[in-house]
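Trainee: Right, I'll just put the structure down here and ask away after.
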Amino acid sequence: MLMPPERIEYYNQSLGQRLQRLVTSIRSYQALKAVKTAELPNQASRLWELNQRYRLLKGKNEAASFALLSACQEAYQGLYDSILKLVEELDEVSIQVVEFENECLLLTKEQEASATPACLKELLDFFKEFQESLQNQTKYLELHLRQLHPKFGLGESALEAFQNDLRLPEHVEAHMALGLAKIERLLKNPLDF
């Protein structure tokens with residue numbers, strides 16, 4: 010069903026604003042991730058080193074091993090807090106995606122259409138892929154960080170896995186950059202009727 014021009018204008022503005030907020034949230038996440046990604050490898054290496062020292066002194070020098078265990082816990086907590094901050098930012102992106110999706114559903118219902126317009130469906134698919142990739146990355150970061158905890162002491166492979174998880178594969182990064190570029194072009198007129 011063809012909608013009146015004022016409704017099309019309303020949805021163009023509404024969806025454009027939601028897209029703008031979503032892009033802003035994604036850029037905020039990417040900026041935070043860039044800062045954290047620069048810091049986390051050194052912090053993880055320090056935790057691993059402290060963990061190795063702790064394992065060597067454990068049972069031999071109780072005061073020194075306790076001090077090292079405290080230092081390990083402090084380093085671990087710093088890494089964990091950084092990952093939680095990424096998860097919080099990603100949750101904000103998820104909220105924006107749900108709001109955008111709800112607006113798309115309202116448009117589809119008002120149009121009495123059986124499916125979301127193709128241009129919006131493509132955006133929704135991109136956002137869901139984007140979310141899934143980043144959620145998987147943060148889950149693996151959490152998993153490999155737990156393996157670095159002093160009570161597990163899983164060695165250098167856990168450190169390497171954690172550091173590898175900080176980087177997304179190049180094709181995923183490229184797909185995200187391309188998707189964001191497309192979205193920025195659509196901000197003023199997200200509907201192409």
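If you count by my numbering, then the sequence shown holds residues 10 to 202, one letter each, in order. Heads up, the beta-carbon is just placed ideally off N, CA and C, and yes, glycines get one too.
When the Cα atoms are used, what is the spatial distance from S123 to P14?
Mentor: Approximately 21 Å, taken between the alpha carbons.
Trainee: Measuring only the C-alpha atoms, how far is E71 from E151?
Mentor: Each residue's Cα considered, the two are about 30 Å apart.
Trainee: Could you tell me whether the Cβ atoms of L49 and A84 are closer together than 8 Å?
Mentor: Result no, Cβ atoms of L49 and A84 do not sit closer than 8 Å.
Trainee: In chain order, what residues of the same chain lie with their CB nearer than 7 Å to the CB of L66, ignoring the 5 residues before and after it?
Mentor: Only A73, S74, L77 meet the Cβ criterion.
Trainee: Can you have a look at A191 and say buried or exposed, based on whether 16 or more other CB atoms are within 10 angstroms of its CB?
Mentor: For clarity, residue 191 is Lys in the given sequence; the question names Ala instead. Answer is exposed; the Cβ neighbour count stays below 16.
Trainee: For the alpha helix (DSSP H) holding S137, just list the boundary residues, first then last.
Mentor: What sits at residue 137 in the sequence shown is Lys, not Ser. Its alpha helix (DSSP H) spans residues 127-156.
Trainee: Mind reading off the beta-carbon distance from V96 to T147? Whole number of angstroms is fine, and I expect it under 8 Å.
Mentor: Yes, V96 and T147 are in contact; Cβ-Cβ is about 5 Å, under 8 Å.
Trainee: Quick one: any contact between the region 168-188 and the region 135-144, if contact means 3 or more CB pairs under 8 Å?
Mentor: Yes: at least three Cβ pairs fall under 8 Å.
Trainee: Straight-line CA distance for E131 to A170?
Mentor: If I take the Cα positions, the gap works out to 33 Å.
Trainee: Nearest-angstrom Cα distance between F109 and R27?
Mentor: About 6 Å.
Trainee: Can you give me the Cβ contacts of G87 inside the same chain, cut-off strictly under 7 Å, excluding the 5 residues immediately before and after it?
Mentor: Contacts found: Q52.
Trainee: Any idea if S166 is buried or exposed, counting beta-carbon neighbours within 10 angstroms, 16 or more meaning buried?
Mentor: Classification of S166: exposed, given that the 10 Å Cβ count is below 16.
Trainee: Grouping DSSP H, G and I as helix and E and B as strand, with all else coil, what is F202?
Mentor: Reliability of the predicted coordinates at F202 is poor, the pLDDT of 41 falling under 50, and no value is obtained from them.
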